[in-house]
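Trainee:
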Amino acid sequence: MLLAREVHDPGIGFVTLTRVKVSPDLQLARVYYTLLGDKKAHEATEKALTRATPFLRRMIGARIRLRRVPEIRFEFDKSVENQDRIEQILLDLQAERAKQRSTEVAEGAEVADATEVAKPTEVTEPEDQS
2 MLLAREVHDP GIGFVTLTRV KVSPDLQLAR VYYTLLGDKK AHEATEKALT RATPFLRRMI
62 GARIRLRRVP EIRFEFDKSV ENQDRIEQIL LDLQAERAKQ RSTEVAEGAE VADATEVAKP
122 TEVTEPEDQS
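To get our numbering, take the position in the sequence shown, counting from 1, and add 1.
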């Protein structure tokens, strides 16, 4: 909420906070984030988050009752990127299997047509009427 409403840095674009891991002694908070955009947007957002860290730490310190406010570190969350990559691989495999099945069906139909053409027809001779 602080990041969305209190920080007015134009470098912070469409950031999504994915999780926060706090050390057992409450001295360090790792804030994982992801964002939309290219590498340039990623670098700008990273710099903006670094600039906003002292402000956010002060604001958190005013709102929580701890002897010491945790140090905040923003880290880009690669797990979402990895999940997208895995999903794309699975979709590619599914498309490849569907293509392979359609090729097999088409080849099976061609083989069936060829065997029917190659079947010899039975010729019956007329019976002798005498």
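We treat Cβ as the ideally placed atom computed from N, Cα and C, and that holds for glycine.
Computed from a predicted model, the values in this text were never measured in an experiment.
In whole angstroms, what separates the C-alpha of residue 6 from that of residue 39?
Mentor: Those two C-alpha atoms are separated by around 24 Å.
Trainee: Name the one or two DSSP bridge partners that residue 36 has.
Mentor: According to DSSP, which records beta bridges pairwise, residue 36 is partnered with 16.
Trainee: Secondary structure at residue 67, three-state DSSP: helix, strand or coil?
Mentor: Residue state, collapsed to three classes: coil.
Trainee: Tell me which residues share the same chain as residue 72 and place their Cβ nearer than 6 Å to its Cβ, disregarding the 5 neighbours each side in the sequence.
Mentor: Closer than 6 Å at Cβ, skipping near neighbours: 29.
Trainee: If you follow the beta strand (DSSP E) that residue 76 is part of, which residue opens it and which one closes it?
Mentor: Here the beta strand (DSSP E) through residue 76 covers 72-77.
Trainee: Name, in chain order, the residues that DSSP records as bridge partners for residue 31.
Mentor: DSSP, once it has assigned bridges, lists 22 and 74 as partnering residue 31.
Trainee: Three or more beta-carbon pairs under 8 Å between the segment 59-77 and the segment 32-50, yes or no?
Mentor: Touching, yes, given that three or more Cβ pairs across the two stretches are closer than 8 Å.
Trainee: Starting from the Cα of residue 49, find the closest Cα among 105, 42 and 12 and give me that residue.
Mentor: Closest option to residue 49, Cα to Cα, is 12.
Trainee: For residue 67, collect the residues of the same chain with a Cβ closer than 7 Å to its Cβ; drop the 5 residues on either side in sequence, then sort them by chain order.
Mentor: Taken in chain order, the residues that qualify are 27.
Trainee: Return the residue from the list 61, 37, 21 and 107 that minimises the CA-CA distance to residue 85.
Mentor: The shortest Cα separation from residue 85 among 61, 37, 21 and 107 belongs to 37.
Trainee: Would DSSP call residue 60 helix, strand or coil?
Mentor: Looking at residue 60 - three-state DSSP - the assignment turns out to be helix.
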